[in-house]
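In my numbering, the protein residues as written are 107 to 195.
For each residue, glycine too, the CB sits at the ideal point set by N, CA and C.
Because the structure is a prediction, the values reported are computed rather than measured.
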Ligand SMILES: [Zn+2]
């Protein structure tokens, strides 16, 4: 499994690139949340500051033994109430 943190701007502007897929060989999963620390967007390298909305993206190969496990909570807060609050201001 490949893990990426993607900034809100990239997720919005590169929608096609980051859309979730479920293919024969791989599938992807995007989880929206609030950054728990300061990160760099894995696509563009732009800074994602703690407290900003970002996405945890998993790319999982069906052919690999390295299967998906839940990792998002270590990096982002996925509480929907907090996300809504964050997005409204
Ligand atoms: Zn980016």
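Contact check, residue i vs residue j, beta carbons under 8 Å
i: residue 110; j: residue 163; result: yes
i: residue 159; j: residue 189; result: yes
i: residue 148; j: residue 112; result: yes
i: residue 140; j: residue 192; result: yes
i: residue 156; j: residue 144; result: yes
i: residue 171; j: residue 131; result: no
Residue i Cβ short of 7 Å to ligand 1 heavy atom set
i: residue 108; result: no
i: residue 92; result: Given a span of 107 to 195 for the chain in the structure shown, any question on residue 92 remains unanswerable.
i: residue 139; result: no
i: residue 112; result: yes
i: residue 115; result: yes
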